[in-house]
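Per my numbering, the very first residue in the sequence shown carries number 91; after that it's consecutive.
Cβ coordinates follow ideal geometry from the N, Cα and C atoms, glycine included.
Since the model is a prediction, treat every value here as computed from it, not as a measurement.
Here's the structure, in structure tokens; my notes come after.
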Amino acid sequence: MRIRRSPEHRPAAGTTARTALAAVAALALSAAVPATTARADDAGPAGPAGAAARPGDIVSAAPSAFHPLPGQPTNTRAWKIHYNSTTAEGAPNVVSGTVIVPQDGHTGPRPLITYAVGTVGMGDSCAPSNNLPNGTSLEANLIQQLTLRGWAVVVTDYEGLGTPGVHTYTVGPSAGHAVLDAARAATRLPGTGLSADTPVGIMGYSQGGQASSWAAELQGSYAPELKVKGTATGGVPADLMKVADFNNGSYGSGLIFMAAAGQDAAYPELKLDSYLNPAGKLLVNGMKENCVAIDAIAGSFKRISDLTTRNPLAQPDWQARLGQSKLGRTAPAAPVYQYHALGDELIPYAVGRQLRSDWCAKGANVEFDTIWIGEHVSGVITHSLEVGNWLADRFAGRTAHPNC
Numbered sequence: 091m092r093i094r095r096s097p098e099h100r101p102a103a104g105t106t107a108r109t110a111l112a113a114v115a116a117l118a119l120s121a122a123v124p125a126t127t128a129r130a131d132d133a134g135p136a137g138p139a140g141a142a143a144r145p146g147d148i149v150s151a152a153p154s155a156f157h158p159l160p161g162q163p164t165n166t167r168a169w170k171i172h173y174n175s176t177t178a179e180g181a182p183n184v185v186s187g188t189v190i191v192p193q194d195g196h197t198g199p200r201p202l203i204t205y206a207v208g209t210v211g212m213g214d215s216c217a218p219s220n221n222l223p224n225g226t227s228l229e230a231n232l233i234q235q236l237t238l239r240g241w242a243v244v245v246t247d248y249e250g251l252g253t254p255g256v257h258t259y260t261v262g263p264s265a266g267h268a269v270l271d272a273a274r275a276a277t278r279l280p281g282t283g284l285s286a287d288t289p290v291g292i293m294g295y296s297q298g299g300q301a302s303s304w305a306a307e308l309q310g311s312y313a314p315e316l317k318v319k320g321t322a323t324g325g326v327p328a329d330l331m332k333v334a335d336f337n338n339g340s341y342g343s344g345l346i347f348m349a350a351a352g353q354d355a356a357y358p359e360l361k362l363d364s365y366l367n368p369a370g371k372l373l374v375n376g377m378k379e380n381c382v383a384i385d386a387i388a389g390s391f392k393r394i395s396d397l398t399t400r401n402p403l404a405q406p407d408w409q410a411r412l413g414q415s416k417l418g419r420t421a422p423a424a425p426v427y428q429y430h431a432l433g434d435e436l437i438p439y440a441v442g443r444q445l446r447s448d449w450c451a452k453g454a455n456v457e458f459d460t461i462w463i464g465e466h467v468s469g470v471i472t473h474s475l476e477v478g479n480w481l482a483d484r485f486a487g488r489t490a491h492p493n494c
């Protein structure tokens, strides 16, 4: 089902089509505003006035840029930030990210989207903060749709992606913390016009769907002060064991080995290396240094048995750790718009439907939308306008339409 919007808040058809086309095709060229030096003196590593560091406090900030395509100017100001966050096991860490604010002359409060990207890879060069300034970020055109609405956006790099250590790929609690703390950091960064009262939307697809869904589940307990109005999440790998079984031996099998490396990074006692044969060690070590295109190709059509001496996913400790990233145990505090392609060839549609059922059973406010035509990657593109409109309704205070 889709939301039926009344004429008074639905954009004119021509305007909607032009806006979406301009954003997706990255043809909306506007005058660039040069970045100036960001001052983070009031929110440094120790937090305000020398207080103890808190999750979301700014560690460092420097001018950056946002280009949907190489050299394409945007009417935005951007900063690369490092901020305090929390690992899956509750220890403090530091994560990097990018804050983007439209320079549109708007002087009042503006919404903030904390945006979780889909899989980009595990090498530091893949981090969004390294690619957004160069116009080489895979989801930059989707992010531009948000800034064209006048919304600020903060994009986390996740734990270990662009910062020391191995990226904790698919470790749900770590990703959820990073997404929420990115929003905190953006509201604490001087010069953005954002504040603790800024309305916040959470958004992500695929890996970003897992991260945004975890942020939605954690927000009520971990970051209750954030003024979260809703979460839009799609293609969610809510149950990693089922996703791994679905992809074993398929062209998406590289994701299994990336996920294993990510879990091992978060939980070193899993000792992934002890399960890998020489070919498996070569593949996984290469994945840690490369981006998704190379990793996906290198790992495609491989079975777990091809690269291991025994299957780690059959072991109780691995099953327990993967189980800790399973979604659906906590009802998000704010409304959720969840969408999934019926023909998703990487994340089974049934996994998405189960998450919806689990949330609904716990009393969550969920609107679930099936993408009837398309597959995994196309889903985030074809539904981007619907997602933006749903979040706009939440920011405007309109009633959500759950369909549990």
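Identify whether residue i lies in helix, strand or coil by the three-state DSSP scheme.
| i | result |
| --- | --- |
| residue 452 | coil |
| residue 166 | strand |
| residue 391 | coil |
| residue 362 | helix |
| residue 332 | helix |
| residue 341 | coil |
| residue 459 | strand |
| residue 266 | helix |
| residue 173 | strand |
| residue 187 | strand |
| residue 181 | coil |
| residue 148 | strand |
| residue 142 | coil |
As a quick exercise: from the options, pick the residue whose alpha carbon is nearest that of residue i.
| i | options | result |
| --- | --- | --- |
| residue 361 | 385, 174 and 399 | 399 |
| residue 220 | 457, 204 and 153 | 153 |
| residue 166 | 155, 176 and 175 | 155 |
| residue 424 | 302, 371 and 330 | 302 |
| residue 336 | 469, 191 and 441 | 441 |
| residue 347 | 402, 460, 223 and 185 | 402 |
| residue 357 | 415, 381 and 305 | 415 |
| residue 75 | 383, 381, 455 and 388 | Missing from the structure shown is residue 75; the chain here goes from 91 to 494 and no further. |
| residue 391 | 225, 186 and 334 | 334 |
| residue 202 | 286, 341, 339 and 171 | 286 |
| residue 489 | 455, 475 and 478 | 455 |
| residue 211 | 435, 378 and 331 | 378 |
| residue 313 | 266, 326 and 475 | 266 |
| residue 171 | 177, 242, 247 and 230 | 247 |
| residue 233 | 279, 492, 446 and 295 | 295 |
| residue 176 | 143, 190 and 194 | 143 |
| residue 162 | 341, 342 and 226 | 226 |
What's the call for residue i, buried or exposed, on a 16-neighbour Cβ count within 10 Å?
| i | result |
| --- | --- |
| residue 157 | buried |
| residue 311 | exposed |
| residue 291 | buried |
| residue 363 | exposed |
| residue 463 | exposed |
| residue 239 | buried |
| residue 395 | exposed |
| residue 196 | exposed |
| residue 104 | Its pLDDT being 38, under 50, residue 104 is placed unreliably by the model, and the measurement read from it follows with that caveat. So residue 104 counts as exposed. |
| residue 405 | exposed |
| residue 359 | exposed |
| residue 451 | exposed |
| residue 478 | buried |
| residue 419 | exposed |
| residue 179 | exposed |
| residue 407 | exposed |
| residue 413 | exposed |
| residue 355 | buried |
| residue 487 | exposed |
| residue 146 | buried |
| residue 254 | exposed |
| residue 198 | exposed |
Residue range of the beta strand (DSSP E) that residue i falls in?
| i | result |
| --- | --- |
| residue 430 | 426-431 |
| residue 319 | 317-324 |
Just curious, the alpha helix (DSSP H) that residue i is in, first and last residue?
| i | result |
| --- | --- |
| residue 482 | 474-485 |
Would you say residue i reaches chain D, if we count a Cβ-Cβ gap shorter than 9 Å as a contact?
| i | result |
| --- | --- |
| residue 476 | The chain inventory of the structure shown lacks chain D, comprising one protein chain alone. |
Inside the segment 224-262 only - beta strand (DSSP E) runs reaching at least 3 residues: 242-246
Every unbroken beta strand (DSSP E) within the segment 190-223, with a cutoff of 3 residues, ordered by chain: 202-206
Complete runs of the beta strand (DSSP E) confined to the segment 270-307 [at least 3 residues]: 289-295
Length at least 4, wholly inside the segment 366-416: the alpha helix (DSSP H) runs in chain order: 368-377, 382-389, 394-397 and 406-414
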